[in-house]
Amino acid sequence: MELALGVVLDASADAARTTELARQADAGGLDLVVLRGGPDTGLDPWTAAVWVAGVTDRIAIGTTGFGPPPEHEMPYPSVVEKARESAALLTGRRLVDGEPWATAPAGADRAALEALAADGRTVVVPVTDAEDVARLVALVGPVAGRRRTAAARALRRAGIDYDGVPASLAATAVEPGDPEYLAVSSTYLRGGAPGLVLRPETPEQVADALAFARAHTHVPLGVRSGGHGVSGRSTNDGGVVIDVGRMNRIEVLDASRRLVRIGPGATWKQVAAALDPYGWALGSGDYGGVGVGGLATAGGIGLLGRAHGLTIDRLRAVELVLADGTPVRATADEHPDLFWAVRGAGANFGVATAFEVEAYDVGEVGWAKLGLVSTDLEKSLLRFGEVATAAPRDTTVFLVTGRPQRGQSMIQLYAIVDSPDPQVVVERLQPFLDLGVLVQQEAFMARYKDIMGQAPDVGPEGHHGQGEPVSRSAFLPGITPQAAHDTAELLRSGRVFFFQLRTMGGAIADVPADETAFAHRTPAFQATAMGVDQADLDARWDRLAEHFDGLYLSFDTDLRPERLHDAFPPEVLARLRELKRRYDPDALFRDNFPIDPRTTT
Ligand SMILES: Cc1cc2nc3c(=O)[nH]c(=O)nc-3n(C[C@H](O)[C@H](O)[C@H](O)COP(=O)(O)OP(=O)(O)OC[C@H]3O[C@@H](n4cnc5c(N)ncnc54)[C@H](O)[C@@H]3O)c2cc1C
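Its first residue numbered 1, the sequence shown is counted upward by one per residue in the UniProt record's numbering.
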């Protein structure tokens with residue numbers, strides 16, 4: 001019989017010893033530490049609970065034995081309630097409500113403990129020293145993975161074989177009842193409640209995770225690297241998530257070729273910081289917090305794009321684990337078909353476990369954030385279209401705006417000029433000042449790592465996304481007067497709170513369309529619109545379709561099947577489908593613009 005045991009500690013005893021015994025119980029795999037109030041000296045149980053939470057990782061914490069205080073010391077009930085809430089907050093989800101345990105006498109033997117545990121409760125035993133705790137730890141014995149309390153197991157989701165979690169992943173897997181669950185359940189933009197998060201750290205463990213996923217095709221599967229997916233559903237409700245965030249090593253392989261190997265779990269901010277000491281950079285997107293895995297399998301339209309191309313254009317090899325668990329290395333010579341597919345449609349073909357990239361020399365660049373107020377949005381958009389495309393390729397500028405207010409639009413420009421000469425930077429930015437009245441400006445010479453470094457780090461508490469992002473995307477060959485007019489109308493509707501134009505062209509367009517599955521090489525802009533209601537945004541965005549030539553899948557949350565045809569031109573989609581049949585015939589990978597291998601349309 002598997003015993004769930006805990007300890008009872010005297011909260012009022014020596015605080016250092018109490019916390020040390022709690023730490024020992026936690027490390028030894030016990031389920032619960034109960035802090036019992038004692039004589040009116042030392043810590044009260046709630047304070048002791050917070051102390052114990054601070055030194056332990058997983059063990060549940062209960063409190064007991066508050067004797068009623070003398071009448072004149074009786075606190076207001078609201079004060080007691082606030083104190084209880086504070087303690088609950090400070091201990092995370094580990095504070096146990098009520099007293100759902102059975103208490104055994106100190107020194108009780110295994111038979112006595114088993115008898116008390118027969119009704120499924122955790123049995124707690126008063127302890128006073130390390131020897132007592134060690135005895136209980138020995139009684140529960142080692143377990144594969146972590147031991148979970150009955151309360152934690154009650155939060156498990158239907159349809160998931162929790163006992164079947166591969167041994168290699170059991171210790172790091174996270175379930176709904178685990179203390180770190182909140183930190184891994186949501187992503188940057190999306191709220192989620194997955195049934196199980198598997199956190200492999202090696203390709204072999206990814207293969208184990210995929211074996212588990214193959215046995216769970218009846219629940220959703222999400223693949224996560226940096227958790228900044230918009231189209232990619234890297235969290236879900238009640239499904240499995242394979243989170244490779246811990247595979248985040250960045251390693252220079254060959255300095256003479258600027259060849260670098262990057263794990264999918266690294267962020268672009270970390271990549272930029274690692275390359276900077278060599279005087280190198282690798283363009284990514286406009287936000288350093290984004291993960292490598294999702295972006296480097298989709299495209300990477302960034303602020304060095306016109307100067308150096310898409311992120312995927314610098315990939316020299318991708319290592320991935322296929323749906324059947326086979327590890328493959330795809331390069332121009334090995335599995336070239338897969339290498340083509342992964343650069344634009346990677347989420348359909350495997351879990352990428354490493355990318356080899358060729359970085360480039362980048363010194364100081366001009367970096368600018370400009371805020372302009374426009375009273376004629378149409379004209380400003382049109383002008384942006386002209387100057388952004390006429391700029392030399394060392395200049396990449398992104399435009400962001402939202403709902404106009406009282407006839408005025410706030411236009412934010414984010415620009416990198418890849419030149420170490422401040423004079424050139426000023427010259428390049430000058431034409432953009434025509435877009436409106438300049439009300440904010442921040443422009444200086446910077447290292448790429450400092451620009452990417454502006455994104456805050458995600459702490460141990462993880463992402464806090466809520467709800468579902470609602471976003472549409474399109475490529476625009478250019479900004480015609482009609483396109484500017486229709487876009488301004490859309491923004492004036494007030495239904496789009498975020499609109500962005502990413503300028504393309506330059507080196508992005510140098511690459512032949514058939515070189516990568518990202519085939520939209522010639523558009524001048526990539527546009528993104530975010531709203532709050534998918535159906536409403538779809539209806540409004542669809543009305544602009546005449547101005548579009550395909551879409552960048554990373555920013556589109558519309559699930560209608562025709563979006564796949566916008567993401568991939570017919571011959572590209574046909575080739576991808578053929579490869580999907582070969583590499584993922586059962587459509588295991590389905591969280592991000594899934595290609596159905598069974599259909600031909
Ligand atoms: C604030 C913000 C700014 C952005 N700016 C830009 C930009 O300037 N340019 C640009 O091109 N994009 C940009 N993006 C889009 C971004 O590139 C994508 O959302 C990308 O998928 C995020 O990658 P991730 O690893 O952080 O996301 P995750 O949420 O971890 O993954 C998203 C999806 O990618 C796939 N995926 C993740 N990891 C792997 C893997 N290891 N192997 C295979 N597939 C995987 C899965 O389908 C997953 O659902 C931005 C997104 C945000 C939120």
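The C-beta atom is built at its ideal place from N, Cα and C for all residues, glycine as well. The structure presented is a predicted model; accordingly, all values stated were derived computationally and were not measured.
Suppose contacts are defined by Cβ-Cβ distances below 7 Å. Is residue i in contact with residue j by that definition?
i, j, result
"VAL397", "LEU413", "yes"
"ALA209", "ILE242", "yes"
"VAL365", "ASP286", "no"
"THR528", "ILE312", "no"
"ALA193", "ASP237", "yes"
"LEU579", "ALA354", "no"
"ALA307", "ASP394", "yes"
"THR557", "SER231", "yes"
"PRO422", "MET445", "yes"
"VAL318", "ALA330", "yes"
"PRO469", "ALA352", "no"
"VAL123", "ALA104", "yes"
"ARG403", "GLY494", "yes"
"GLY550", "ILE479", "no"
"ALA359", "TRP268", "no"
"GLY227", "GLN466", "no"
Please find out if some non-hydrogen atom of ligand 1 comes closer than 6 Å to the beta-carbon of residue i.
i, result
"SER592", "For clarity, residue 592 is Asn in the given sequence; the question names Ser instead. Yes, ligand 1 has a heavy atom inside 6 Å of this Cβ."
"GLY325", "no"
"GLY294", "yes"
"VAL165", "no"
"TYR188", "yes"
"THR56", "no"
"TYR448", "no"
"TYR287", "yes"
"VAL197", "no"
"ARG224", "yes"
"residue 602", "Any question about residue 602 goes unanswered here, given that the chain covers just 1 to 601."
"ALA401", "Checking the sequence, you will find Thr at residue 401 rather than Ala. Every heavy atom of ligand 1 is 6 Å or more from the Cβ of THR401, so no."
"ILE301", "yes"
"GLY177", "no"
"SER554", "yes"
"SER471", "no"
"ALA352", "yes"
"ALA347", "yes"
"THR297", "yes"
"SER78", "no"
"SER234", "yes"
"VAL511", "no"
"GLY291", "yes"
"VAL244", "yes"
"PRO264", "yes"
Measuring CA to CA, which of the options is closest to residue i?
i, options, result
"LEU189", "LEU113, GLY141, GLY229, GLY289", "GLY229"
"THR149", "GLU131, ASP584, PRO176, ASP538", "PRO176"
"ALA455", "GLN270, ARG393, ALA48", "GLN270"
"ALA138", "GLY92, VAL439, GLY6", "GLY6"
"ALA246", "VAL206, LEU253, HIS216", "Before going further, note that residue 246 is Arg rather than Ala in the sequence given. Comparing Cα positions, the closest option is VAL206."
"THR19", "LEU30, THR56, GLY42, LEU32", "THR56"
"PHE589", "ASP486, LEU573, ALA151, LEU221", "LEU221"
"LEU295", "THR326, ILE262, VAL511", "ILE262"
"ALA443", "ASP434, ALA215, LEU429", "LEU429"
"ASP324", "ASP586, ASP10, GLY37", "ASP586"
"ASP337", "VAL458, GLU562, ALA574, THR172", "ALA574"
"LEU89", "ALA539, ALA16, ARG316, TRP51", "TRP51"
"VAL197", "GLU204, PRO203, PRO166", "PRO166"
"ARG316", "THR47, LEU303, LEU564, ALA332", "ALA332"
"PHE475", "ASP533, TRP541, VAL426, ILE416", "TRP541"
"ASP254", "TYR278, PRO569, GLY239", "TYR278"
"GLY98", "THR128, PRO77, GLY62", "GLY62"
"PRO570", "ARG560, SER554, HIS520", "HIS520"
"ALA154", "THR217, ASP178, SER168, VAL219", "ASP178"
"SER168", "GLU356, LEU310, ALA211, ASP276", "ALA211"
Among all the DSSP beta bridges, which residues are the ones paired with residue i?
i, result
"PRO126", "VAL8"
"THR267", "GLY291"
"GLN500", "VAL400, THR528"
"LEU476", "PHE525"
Report yes if the C-beta of residue i is less than 6 Å from at least one heavy atom of ligand 2; otherwise report no.
i, result
"SER185", "No copy of ligand 2 occurs in the structure displayed; its ligands are ligand 1 alone."
Measure from the C-beta of residue i to each C-beta in chain D and report whether the shortest distance is under 7 Å.
i, result
"VAL342", "This model lacks chain D altogether, as it is built from one protein chain only."
> Can you give, in chain order, each stretch of the alpha helix (DSSP H) that sits fully within the segment 376-428 and has at least 4 residues?
Replying inline: 377-390
> What runs of the beta strand (DSSP E), each 3 residues or longer, lie entirely inside the segment 292-379?
Replying inline: 315-321, 327-331, 351-358, 365-374
> Taking only runs of the alpha helix (DSSP H) that begin and end inside the segment 28-63, which ones reach a length of at least 4 residues, in chain order?
Replying inline: 45-55
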